[in-house]
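Under this note's numbering, the first residue of the sequence shown carries the number -6, and numbering increases by one thereafter.
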Amino acid sequence: MSTILRTLRNLRQIGIKEYAHQMQYMGDTKAGTYIASDKYGNKYYENQDDELPLRTRWIDYAQSEYDPSQIEPGWHAWMSYMVDKPPTEDAVLKTGQRKWEIPEHRPNLTMTRAAFKTYSTTKPKTNAWAPVAKVRE
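Here is the structure:
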């Protein structure tokens, strides 16, 4: 949570509409420099001046039902402070340049209907009991 002065300063910088958007989705107000957007519509921001250490980079997700696995690996490295340059500037982090790469980033589908489920190819050693009712005489 931020102080009242910081919140008022951010409100003046970003405007009422963006202030309401950030309060609804992030629960805090931040003002900073727009870095870039990925192909999924997520917007990445940075503010080195007024933020606490390790809270200088943030994401404005394109979907309201967001999942952190929707971030591409290069952007994840930048968000986690593993690299200094964003993937738009760093040649190593750019995707689609190596022939062995997966062409499309796939988010983690655990706990969804599309999650991977294993199946057994061996016969079970026991059979389930099916009760049979006799006819009364």
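Every residue gets a Cβ at the ideal spot worked out from N, C-alpha and C, and that includes glycine.
Please read all numbers here as calculations on a predicted model, not as lab measurements.
Going by other Cβ atoms of all chains shown within 10 Å of its Cβ, with 16 needed for buried, is residue i buried or exposed?
i: G20; result: exposed
i: R50; result: buried
i: W71; result: buried
i: L47; result: exposed
i: L86; result: buried
i: I9; result: exposed
i: N120; result: exposed
i: A126; result: exposed
i: Q17; result: exposed
State yes or no: is the beta carbon of residue i nearer than 9 Å to at least one beta carbon in chain C?
i: T0; result: Among the chains in the structure shown there is no chain C, since it carries only a single protein chain.
Given this structure, state the Cα-to-Cα distance separating residue i from residue j, to the nearest angstrom.
i: H98; j: L(-2); result: 40 Å
i: T115; j: A123; result: 21 Å
i: I7; j: S30; result: 18 Å
i: L4; j: R106; result: 40 Å
i: I95; j: P66; result: 12 Å
i: T103; j: D60; result: 11 Å
i: T111; j: I28; result: 41 Å
i: I64; j: P117; result: 41 Å
i: K78; j: T26; result: 14 Å
i: N40; j: S113; result: 52 Å
i: T81; j: Q90; result: 13 Å
i: W93; j: F109; result: 23 Å
Report, in whole angstroms, the separation of the C-beta atoms of residue i and residue j, which I expect to be a contact under 8 Å.
i: N101; j: S73; result: Actually they do not touch by this definition, with Cβ atoms about 16 Å apart.
i: Y38; j: K23; result: 7 Å
Would you mind working out which of the options sits nearest residue i, comparing C-alpha positions?
i: T(-4); options: K78, G25, E44, D77; result: E44
i: D42; options: R2, S113, K110, G89; result: R2
Note to self: Below 8 Å, how does it come out for the segment 23 to 42 and the segment 50 to 60: are there three or more Cβ pairs, yes or no?
What the structure shows: yes
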